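Chemist: To get our numbering, take the position in the sequence shown, counting from 1, and add 96. We put the CB at the ideal spot given by N, CA and C, even for glycine. For clarity, every value in this text was computed on a predicted model and none was experimentally measured. One structure is given below, represented as structure tokens, and several questions about it will come after.
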Amino acid sequence: MTQRYDFKVNPSRPRLINLSAIHHESGDITVIEEGSHSPFSFRRVYYLHGLNPESARGSHAHHQLRQLMIAITGSFRVRLTGSGWEESYLLNDPNVALYVPPRTWRDLDQFSDEAICLVLASEVYEEADYIRDYQEFRNISELPS
Ligand code: TYD
Numbered sequence: 097m098t099q100r101y102d103f104k105v106n107p108s109r110p111r112l113i114n115l116s117a118i119h120h121e122s123g124d125i126t127v128i129e130e131g132s133h134s135p136f137s138f139r140r141v142y143y144l145h146g147l148n149p150e151s152a153r154g155s156h157a158h159h160q161l162r163q164l165m166i167a168i169t170g171s172f173r174v175r176l177t178g179s180g181w182e183e184s185y186l187l188n189d190p191n192v193a194l195y196v197p198p199r200t201w202r203d204l205d206q207f208s209d210e211a212i213c214l215v216l217a218s219e220v221y222e223e224a225d226y227i228r229d230y231q232e233f234r235n236i237s238e239l240p241s
């Protein structure tokens with residue numbers, strides 16, 4: 097049965113979302129559906145692959161963008177920082193999505209071999225939405241949203 101989430105609860109904090117997995121003898125299907133599993137409509141999908149296990153990605157925040165991150169294969173760590181909080185997640189399950197709210201600094205690392213990070217994004221790519229300077233992020237994240 098599809099688990100429906102109340103996305104009005106703390107939309108400015110990260111959360112893990114259990115996706116709907118349909119099991120078949122021949123393989124599984126995992127569904128990500130707006131309203132049931134995501135608080136936003138997807139306007140862009142991309143994925144990180146061919147990742148060097150020694151590398152680090154992210155190191156930025158966004159003004160508006162909301163995202164879901166899923167470890168489609170393998171595993172990696174996602175460290176998130178917001179206004180007055182820090183959380184760390186090990187993503188290693190294709191049936192679990194991590195909701196990343198706006199104004200959240202993210203660092204991704206500890207990529208396993210063959211790790212793939214699928215990202216569903218609420219907006220198309222816009223460099224102006226990025227906050228790439230950590231001090232600027234700190235200044236902005238102290239502001240009320
Ligand atoms: P970036 O979002 O900084 O990567 P990550 O968070 O995975 O480390 O993007 C890396 C580069 O790719 C940057 O030059 C912008 C470009 N890019 C696009 O052109 N379109 C996109 O949709 C994304 C996600 C990145």
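1) Could you round the C-beta distance between residue 170 and residue 116 to whole angstroms and report it? I think they count as a contact, below 8 Å.
2) Would you call the region 148-159 and the region 123-134 touching, i.e. three or more CB-CB distances under 8 Å?
3) Following a CB-centred definition, is residue 146 positioned closer than 6 Å to any heavy atom of the ligand TYD?
4) Is there contact here, the region 157-173 with the region 197-214, by at least three beta-carbon pairs under 8 Å?
5) Would a C-beta distance cut-off of 7 Å place residue 176 and residue 217 closer than the cut-off?
6) What do you get for residue 105, buried or exposed, if any count of 16 or more other CB atoms within 10 angstroms of its CB means buried?
7) How is residue 232 classed by DSSP in three states: helix, strand or coil?
8) Is the Cβ-Cβ distance between residue 145 and residue 113 less than 7 Å?
Modeler: Reading it off the structure:
1) Position 74 of the sequence shown holds residue 170. Position 20 of the sequence shown holds residue 116. The beta carbons of residue 170 and residue 116 sit about 22 Å from each other, so the pair does not count as a contact at 8 Å.
2) They do not touch, by the three-pair rule.
3) Locating residue 146 in the sequence shown gives position 50, where the first residue counts as 1. Residue 146 Cβ: outside cutoff for every heavy atom of the ligand TYD.
4) yes
5) If you number the sequence shown from 1, residue 176 lands on position 80. If you number the sequence shown from 1, residue 217 lands on position 121. No; because the gap between Cβ atoms is not below 7 Å, this pair is not in contact.
6) As a working mapping, residue 105 is identified with position 9 in the sequence shown. Looking at its Cβ environment, which holds fewer than 16 other Cβ atoms inside 10 Å, residue 105 is exposed.
7) Within the sequence shown, residue 232 is the residue found at index 136, counting from 1. In this structure, residue 232 counts as helix in the three-state DSSP scheme.
8) Here residue 145 corresponds to residue number 49 of the sequence shown, with the count starting at 1. Here residue 113 corresponds to residue number 17 of the sequence shown, with the count starting at 1. Cβ atoms of residue 145 and residue 113: not closer than 7 Å.
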